[in-house]
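See below for the structure under consideration.
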Amino acid sequence: MATTTSESAPTPIVVTDKCLIRPYALIDVEPLAEAANLPEIVAYMRDTFPHPYTIESSKFWVDFAMKGDPMVNFIICTLDGTPAGGIGLIPRKDVDHRNWELGYWVAKDHWGKGIATSAVKGFSSWAFTKFPDLLRLEAGVFSENTASMKVLGRTGFTKEGVKRKAICKKGKVMDLVIFSLLREEVEGLDESNKA
């Protein structure tokens with residue numbers, strides 16, 4: 066795990082043309098709480114993502130992420146280091162232990178700038194490199210979250226199917242759209258980017 070001081074941020078694990086992804090640090094608590102405390106952010110997140118998103122919520126998450134073993138949850142920042150969202154993995158167990166879930170969100174101030182697409186693409190490549198036994202990444206998207214579906218489509222994920230009426234958020238029932246990316250597909254994307 067990267068070490069930090071109150072004046073510096075950990076070393077990024079991914080740097081793209083639009084963002085960097087690095088471990089969380091205590092310096093992220095306040096900007097994270099501010100960015101995450103919007104109804105537009107929580108609308109398509111699991112209920113475990115709190116709203117309102119308080120300083121205490123942020124402290125809990127940053128502490129949880131920093132103690133991860135393996136570390137799988139990271140902050141997305143703009144290239145100048147401004148916190149812009151979060152991205153992470155949920156490792157699975159049992160027979161699907163080589164199939165992990167990908168989740169991400171981007172702060173409203175950074176929507177429409179290509180940050181989500183850049184982060185998902187770079188982080189997916191990192192995940193397959195970091196975890197050699199990983200065969201597949203999977204992302205579930207609420208059916209009304211068309212922006213996230215576009216991000217996944219742009220980054221090589223394949224829409225596999227729809228789990229009908231699988232989500233109930235604040236009393237509203239929605240479908241869950243399942244996307245996946247296989248190891249060999251991300252390797253193919255990396256090769257096409259070199260050309």
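Residue numbers for the sequence shown follow our numbering, beginning at 66 and rising by one.
Beta carbons: idealized from backbone N, C-alpha and C, even for Gly.
Residue from Trp-126, Glu-249, Pro-75 whose Cα sits closest to the Cα of Ala-192: Glu-249
On the three-state DSSP scale, how would you describe Phe-129? helix
Which same chain residues, not among the five before or five after Gly-153, have their C-beta less than 7 Å away from its C-beta? Val-137, Asn-138, Phe-139, Gly-168
So which of Glu-203, Met-214, Pro-96, Arg-87 has the shortest CA-CA distance to Met-131? Arg-87
According to the Cβ coordinates, are Phe-207 and Tyr-118 closer than 7 Å? no
Only counting the same chain, and skipping five residues up and downstream in sequence, which positions put a Cβ closer than 7 Å to that of Thr-220? Thr-182, Val-185, Lys-186, Ser-189
Taking Asn-210 as the reference, which of Ile-232, Cys-84, Arg-201 has the closest Cα? Ile-232
Alpha carbon to alpha carbon, what distance is there between Pro-197 and His-162? 12 Å
Could you spell out the range, first to last residue, of the alpha helix (DSSP H) harbouring Trp-191? 180-195
How big is the Cα-Cα spacing for Gly-226 and Val-171? 24 Å
Smallest Cα separation from Gly-150: which of Ser-245, Val-107, Glu-121, Asp-159? Val-107
Can you tell me which of Gly-205, His-116, Gly-236, Ser-213 puts its alpha carbon nearest to the alpha carbon of Glu-99? His-116
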